[in-house]
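Student:
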Amino acid sequence: MYKLQVYDAMTHEMLREKTFETAEPALSLIDYVEKGHECYLFDQELRLNKAEYITHYSHHEGDTEVYTVVLQLEAVEAREPVMI
């Protein structure tokens, strides 16, 4: 199994955690953000944030390979209401 964890660089809060059967989804996200592509996330209070890649690393938890991605978040001012 493979696990992807996404952390906020400032607060060290885990923003997302997802488990996959293959490494491909986690590695694709890491490749995408590492290349500087724009990425946006909602935080726990459903505020929209622009996410900038800081670093990533991996480690094992038992039989699971864990990929951790650290992102710097910046609040995005919505010009129009966001429909959820």
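This note's numbering applies: residue 83 is where the sequence shown begins, and numbers increase by one. We put the CB at the ideal spot given by N, CA and C, even for glycine.
1) Drop a sphere of 10 angstroms on the beta-carbon of TYR114, count the other beta-carbons inside from all chains shown, and report buried for 16 or more, exposed for fewer.
2) DSSP three-state call for ALA108: helix, strand or coil?
3) Answer yes if the segment 108 to 122 comes into contact with the segment 138 to 156, meaning at least three C-beta pairs across the two stretches below 8 angstroms, and no otherwise.
4) Look at the alpha carbon of GLY144 and the alpha carbon of VAL88, and state the distance between them as a whole number of angstroms.
5) Exposed or buried, VAL158, counting other C-beta atoms within 10 Å across all chains shown (16 or more means buried)?
6) Taking LEU86 as the reference, which of PRO107, THR93, GLU95 has the closest Cα?
7) Can you say whether TYR149 is buried or exposed, counting buried as having 16 or more other CB atoms within 10 angstroms of its CB?
8) Give the secondary structure of VAL36 by DSSP, where H, G and I count as helix, E and B as strand, and everything else as coil.
Tutor: With the given structure in hand:
1) Here residue 114 corresponds to residue number 32 of the sequence shown, with the count starting at 1. Result: exposed.
2) Taking the first residue of the sequence shown as 1, we reach residue 108 at position 26. DSSP places ALA108 in helix when its eight states are reduced to three.
3) yes
4) For this step, residue 144 is matched to residue 62 along the sequence shown. For this step, residue 88 is matched to residue 6 along the sequence shown. Using only the alpha carbons, I get a separation of about 20 angstroms.
5) In the sequence shown, the residue the question calls residue 158 occupies position 76. By the 10 Å Cβ count, VAL158 comes out exposed.
6) Residue numbering aside, residue 86 sits at position 4 when the sequence shown is read from its first letter. Cα-wise, what sits closest to LEU86 is PRO107.
7) Here residue 149 refers to the residue found at position 67 when the sequence shown is read from its first residue. TYR149 is buried by the Cβ-count criterion.
8) Outside the shown range of the chain, which is 83 to 166, sits residue 36, and nothing can be said about it.
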